[in-house]
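K.L.:
These protein sequence lines are chains A and B, in that order.
Taking UniProt numbering, the leading residue of the first sequence gets 1, the next gets one more, and so forth.
Taking UniProt numbering, the leading residue of the second sequence gets 1, the next gets one more, and so forth.
Every residue, glycine too, gets a C-beta built ideally from N, C-alpha and C.
Let me begin by handing over the structure; questions about it come next.
2 protein chains.
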Amino acid sequence: MYYDPVEAMDRAALEELQVERLKETIANARKSPFYGARLAGVNPEDFKTPADITKLPFTTKDDLRSQYPHGLLTRPLDDFVRLHASSGTTGTPTAVFYTQKDLDTWADLMARSMHCCGCRKSDVCQNMSGYGLFTGGLGIHYGAERLGMLTIPAGAGNTKRQIKLIRDHNVSVLHIIPSFALYFAQKVEEAGYNVKEMPWRIALIGAEPHTEEARRKIEEMMHIKAYNSYGLSEMNGPGVAFECVEQKGMHLWEDAYIAEIINPDTGEHVAEGEIGELVMTTILRDGMPIIRYRTRDLTRFIPGQCGCGRTHRRIDRIAGRADDMMILKGVNIYPMQIEQTLMAMPEVGQNYLIELVREGVSDQMRVKVEIKDEFFVEDMRALQGLQKQIAKNLCNEILITPRVELCQSDSIPKAEGKAVRVVDRRGEED
Amino acid sequence: MYYDPVEAMDRAALEELQVERLKETIANARKSPFYGARLAGVNPEDFKTPADITKLPFTTKDDLRSQYPHGLLTRPLDDFVRLHASSGTTGTPTAVFYTQKDLDTWADLMARSMHCCGCRKSDVCQNMSGYGLFTGGLGIHYGAERLGMLTIPAGAGNTKRQIKLIRDHNVSVLHIIPSFALYFAQKVEEAGYNVKEMPWRIALIGAEPHTEEARRKIEEMMHIKAYNSYGLSEMNGPGVAFECVEQKGMHLWEDAYIAEIINPDTGEHVAEGEIGELVMTTILRDGMPIIRYRTRDLTRFIPGQCGCGRTHRRIDRIAGRADDMMILKGVNIYPMQIEQTLMAMPEVGQNYLIELVREGVSDQMRVKVEIKDEFFVEDMRALQGLQKQIAKNLCNEILITPRVELCQSDSIPKAEGKAVRVVDRRGEED
Ligand SMILES: [Zn+2]
Ligand SMILES: [Zn+2]
């Protein structure tokens, strides 16, 4: 039923395993120049529970940059067989180095991840993402082979060839970039095929942030089940957390990582279920362990048990970047909280805009919300009721009551590329 | 000294190993629908020496097409983990399937190949070719990791980033497409670096046919040693034959393949050292053995022992495609024979043209040859002497005396892309 029995391990035993691996990780990390200095005063024996991890300092992206290229390596360079680097050509890049053991661990975690959402040895997997330095390509590739799927390294682009390969080889699993999926579905239809007759059943969609709505649209248009994946190259790449068939959050593999959610301002853990910055520690990495890495990614632990029986905690889809956090009247607010609240309401259309303004000495939030045509009726009472309901729902989520303004479809200018949803006018003169 | 002791195995023992593996291959191949029928009457016990392979029928590209996709598979599809397919979107493509065992064999052969030209575990290898369905990318990648080199999956393109990675990580081995190498050397100089100060020492250049002259130019301009590689996806991909540090031909790994050189017209073996079509049999492939495959590639076995001590026979660089063969007065002639003869003469310039014409009832060959400016002097006797010498050298190689015409530099029109070197005017009215 599970790829690895550890997936359903009893929590107490799992946490014991985490502590044991954390201790090993500290001892191992101290062989690197960076952690050798930074963890000099740390005694591994002081760690009794996973929560003791808070005794360790954070590691930031700037640390990785300043230690580029070799400061975090615990072994001679000769022991490493893979390097992935951030793609920047200006500024100091970051690089992640893997030993053969690390590649094996990563492939195992990837295979487990794909198995978790229903992929099996008998599946045929077409990897439609680019390869190269981007960890998504080779990460999925090695995992698919490890799971024993027939793996087609199609790479990105060439839609016609992709369709031919899928049809010729009965491809049942696609790894596809979310923003490409809808375009691809359209191309398949244009080529004269019915998506319902395509052999695929599972789409692995990671690499780009996307909304639940986008996922549902992909599922509907491609006639497929789409599963979210979370990863970042600092933590190997994909295979950090993955959705199970329940599609209610991504299981984060806690035998390989210790995850924390913190308030990005204070560095303290947030309350169970609250959104904050994901902080990650590798506890199964050989050549380049990273401790309490500030991912800048915002998410939350989903409370409760998962129906699939796995005991590893689930994280919610990424709710933006820590740098997107707004502070209003002393409260931390994330744009994604507002988006999720709005998109859960059937009356709300495609677009919205958050404005932060100063009114006298007090900061205010205004939220402009497009309403679907069928709800934008000439009934002032109905509209006012809707306006109040939106404000109330938002207040429940963000603890502040914003001023809500209803707009007609397409009245809010659409941004090219990444939508600009927040405008901070508090510094402007009125 | 060798990656695998088999590289220097005694010839008699090596041939015994070949026969044993050929028998296993026949038995295995017969599990596939295609060979099950085609080899129905074959008795593996009839094979006593590698030469007995001539008792088996050829396999052609058309056979692979007609058997697409599964006709050559000896196992259920479930046992395969990789598929590479030819990139055509029209017509019937060909596909090659690999089991995990096949991927391991391939990675071992690739690691051995790279070790053979001087790559070591302590090297850093930047893979500058595209990944995806092209077997060159993943082939080199898996082999580099298997050898234990730090492998950077840079992929194609982005020259600036390639240079930065090479400098930042002391890259000593490049896998680079020959036609890109000279452009790249220029870009490195333009970026303000001296190629002599770049950390590289070895370039692996395969994937595209190129001349010895092109190799020497790459070596000179990049200040590197460049090694030839031969492979084709039907035989896994790269790693079929590879140059050793002697740079006198490519050792073809005879423990994994039985190679023959045949006259493409008659199908008979050519005499030792003569050019002909390379025919290949996999004797270490698990899931999709291929027997006596007509590669259409022209080459010859290089006679004699190699100074490196390896006993596996060497093939010469690919001298074109069997389809390029000309028949003149009953003699088979390959354009590459003429090219090699001409380029070995210091007086000969960049370009030449072969014309086949009918004079009365007899066919003739005319060869127009550009002469370097410093040799194109106003001394008719010297020029006539040169003309005669070229004709004589060509006759020694192709057994026919062509009419040689000397031309000035740049007087022969240059073709875009692949140079057209042969014009057959025998069907034209004069
Ligand atoms: Zn679950
Ligand atoms: Zn040699």
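Report yes or no: is there a C-beta of chain B within less than 7 Å of the C-beta of A/L73?
P.N.:
no
K.L.:
Strictly by DSSP, which residues pair up with B/R366?
P.N.:
BP columns for B/R366 point to B/E355 and B/R403.
K.L.:
Taking Cβ-Cβ distances shorter than 9 Å, what residues in chain A pair up with B/H175?
P.N.:
Within chain A, no residue has its CB atom less than 9 Å from the CB of B/H175, the nearest being about 13 Å off.
K.L.:
Can you tell which of A/I261, A/V279, A/Y230 and A/D265 has the C-alpha that lies nearest to the C-alpha of A/A271?
P.N.:
A/I261
K.L.:
Taking B/N236 as the reference, give the member of B/T94, B/H210, B/G192 and B/F58 with the closest Cα.
P.N.:
Minimum Cα distance to B/N236 is reached at B/T94.
K.L.:
Using the rule of at least 16 other Cβ atoms within 10 Å of the residue's Cβ for burial, across every protein chain shown, is A/N28 buried or exposed?
P.N.:
buried
K.L.:
In terms of residue numbering, what span does the beta strand (DSSP E) encompassing B/F80 cover?
P.N.:
F80 to A85
K.L.:
Check the DSSP bridge columns for B/M280 and list the partner residues they point to.
P.N.:
B/A259 and B/Y293
K.L.:
Can at least three beta-carbon pairs, one atom from the stretch 144-152 of chain B and one from the stretch 177-191 of chain B, be found at a separation below 8 Å?
P.N.:
no
K.L.:
Return no unless some Cβ of chain A is closer than 7 Å to the Cβ of B/F80.
P.N.:
yes
K.L.:
At which residues does the beta strand (DSSP E) containing B/G231 begin and terminate?
P.N.:
K225 to L232
K.L.:
Suppose contacts are defined by Cβ-Cβ distances below 7 Å. Is B/E7 in contact with B/R310 by that definition?
P.N.:
With contacts defined by Cβ atoms closer than 7 Å, B/E7 and B/R310 form a contacting pair.
K.L.:
Let me know the secondary structure DSSP gives B/T299 once reduced to three states.
P.N.:
strand
K.L.:
Between which two residues does the beta strand (DSSP E) carrying B/H175 extend?
P.N.:
V173 to H175
K.L.:
Buried or exposed for A/F34, going by 16 or more other Cβ atoms inside 10 Å?
P.N.:
In the assembly as shown, A/F34 is a buried residue. Its beta-carbon has 16 or more other beta-carbons within 10 Å.
K.L.:
When every heavy atom of ligand 2 is checked, does at least one fall within less than 6 Å of the C-beta of B/R112?
P.N.:
no
K.L.:
Enumerated in chain order, which unbroken segments of the alpha helix (DSSP H) with a length of 4 residues or greater are wholly contained in the stretch 97-161 of chain B?
P.N.:
Listed in chain order, the alpha helix (DSSP H) elements of length 4 or more contained wholly in the stretch 97-161 of chain B are 100-116 and 135-147.
K.L.:
Whether or not the stretch 354-370 of chain A and the stretch 396-409 of chain A are in contact is what I'm after, with contact meaning three or more pairs of Cβ atoms, one per stretch, closer than 8 Å; do they touch?
P.N.:
Touching, yes.
K.L.:
Do B/L252 and B/I333 come within 7 Å of each other at the CB atom, strictly closer than that value?
P.N.:
Not in contact: B/I333 and B/L252 (Cβ atoms no closer than 7 Å).
K.L.:
Determine the contact status of B/V19 and B/F47, defining contact as a CB-CB distance below 7 Å.
P.N.:
yes
K.L.:
Between A/M336, A/G137 and A/H210, which lies nearest to A/H84 when the distance is taken from Cα to Cα?
P.N.:
A/G137
K.L.:
Any idea what DSSP makes of B/N332, helix, strand or coil?
P.N.:
strand
K.L.:
At which residues does the alpha helix (DSSP H) containing A/P178 begin and terminate?
P.N.:
P178 to E190
K.L.:
Just list the residues that DSSP pairs B/H269 with in beta bridges.
P.N.:
B/I262
K.L.:
If we count the other Cβ atoms within 10 Å of its Cβ and call it buried at 16 or more, is A/G287 buried or exposed?
P.N.:
buried
K.L.:
Indicate whether at least one CB of chain A lies closer than 7 Å to the CB of B/I152.
P.N.:
Yes, contact with chain A.
K.L.:
How big is the Cα-Cα spacing for residue 505 of chain B and B/S32?
P.N.:
Here chain B covers residues 1 to 430 and nothing more, so residue 505 of chain B does not appear.
K.L.:
Run through DSSP, which three-state label would A/Q350 get?
P.N.:
Strand.
K.L.:
Nearest-angstrom Cα distance between A/E213 and A/M343?
P.N.:
8 Å
K.L.:
What residue range is occupied by the uninterrupted alpha helix (DSSP H) comprising A/E220?
P.N.:
E212 to M222
K.L.:
Output yes if chain A places a C-beta closer than 7 Å to the C-beta of B/P69; else output no.
P.N.:
yes
K.L.:
How about A/G143: is its C-beta nearer than 7 Å to some C-beta of chain B?
P.N.:
Judged by the 7 Å Cβ criterion, A/G143 is not in contact with chain B.
K.L.:
For B/L22, count neighbouring Cβ atoms within 10 angstroms of its own Cβ and tell me buried if that reaches 16, exposed if not.
P.N.:
Buried, by the Cβ-count rule.
K.L.:
Residues of chain B with CB under 7 Å from A/G148, in chain order?
P.N.:
V81, listed in chain order.
K.L.:
Just to confirm the assignment, what range does the beta strand (DSSP E) spanning B/L204 have?
P.N.:
I202 to I205
K.L.:
Using a Cβ-Cβ distance under 7 Å, would B/D168 count as near chain A?
P.N.:
yes
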